[in-house]
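The sequence shown begins at 4 in my numbering and counts up by one.
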Amino acid sequence: MDDNTLVKNCIEGDPRAQRALFEKFAPKMLGVCIRYTRNTEQAEDVLQDGFVKVFTKLSHYKGGGSLEGWVRRIMVNTALDQIRKNVKFQDNVAMDQVDYKIEQQGFILEGLMEEDLLKLINEMPTGYKTVFNMFAIEGYSHKEIAEQMGISENTSKSQYSRARAFLKTKLEEQGIER
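This is the structure:
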């Protein structure tokens, strides 16, 4: 069944279509949720809340982009809602006050397994982790992150820089070089 038929059948209340939509996207979306939460249990809660929103708002999906992308955005926004409820971000920090431990170029993580990288990301403080996920993995701009999180662009940039420095330090501790 293609995505448009799946959406149409879900909107009509077909439980088989709803189950199919959930089964199609839940594993990948759980991975998205895990990147924003501290553990699998929290990620599962976000996933569940996210799918409630997906099914509630499914009639708003117009097929302009991929259904997967639309579902992913809802999951990210649901995770961000949970973070906003539970965590206060640090006050704004000007970029020139950030202690750079990492140069501006990207660093290469050859030989590092995805699972290991996700574990390191999960060890980050929530602010770092959220901005890192949104910027480096989801592809949001710092302006978009600032708008979504209710922080300044400079805070987004400094949180990202600190996240990179955190990763670099952790990688150095494990003996993983550039």
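Glycine included, C-beta positions come from ideal geometry on N, C-alpha and C.
Model, not experiment: these values are computed from the prediction.
Nearest C-alpha to Leu83 among Leu70, Gly66 and Phe135: Phe135. Burial of Gly53 is indicated by the presence of at least 16 other C-beta atoms within 10 angstroms of its C-beta. Remark: three or more beta-carbon pairs, one from each stretch, lie closer than 8 Å, so the region 123–143 and the region 163–172 are flagged as touching. Counting C-beta atoms within 10 angstroms of its own C-beta, Gln51 has fewer than 16 neighbours from the protein chains shown and is therefore classed as exposed. Judged by beta-carbon spacing, Asp6 lies within the 9 Å limit of Leu70, meaning their Cβ atoms are closer than that value. Rounded to whole angstroms, Leu33 and Gly178 show a C-alpha spacing of 30 Å. In this chain, the alpha helix (DSSP H) harbouring Gly72 covers Leu70 to Asn89. For Pro128, the closest of Lys146, Lys56, His145 and Leu170 by C-alpha to C-alpha distance is Leu170. Looking only at Gly153, Gly142 and Ile124, the smallest Cα-Cα distance to Leu174 is reached by Ile124.
Residue environment: Met4 is assigned as exposed (fewer than 16 neighbouring CB atoms within 10 Å of its CB, all protein chains considered). The three-state reading of DSSP puts Gln177 in coil, since its state is none of H, G, I, E or B. Rounded to whole angstroms, the Cβ separation of Ile140 and Arg38 is 7 Å, and the two are in contact under 8 Å. The beta carbon of Val49 sits closer than 8 Å to the beta carbons of Cys36, Tyr39, Thr40, Met78, Thr81, Ala82 and Gln85 from its chain, once the five residues preceding and following it are set aside; these are given in chain order. Taking a 10 Å sphere around the C-beta of Thr158, we find 16 or more other C-beta atoms and assign the residue as buried. Under the three-state reduction of DSSP output, Glu141 falls in the coil class, being neither helix nor strand.
In the three-state scheme derived from DSSP, where H, G and I count as helix and E and B as strand, Ser155 is classed as coil. When rounded, the separation of the alpha-carbon atoms in Gly130 and Lys65 is 33 Å.
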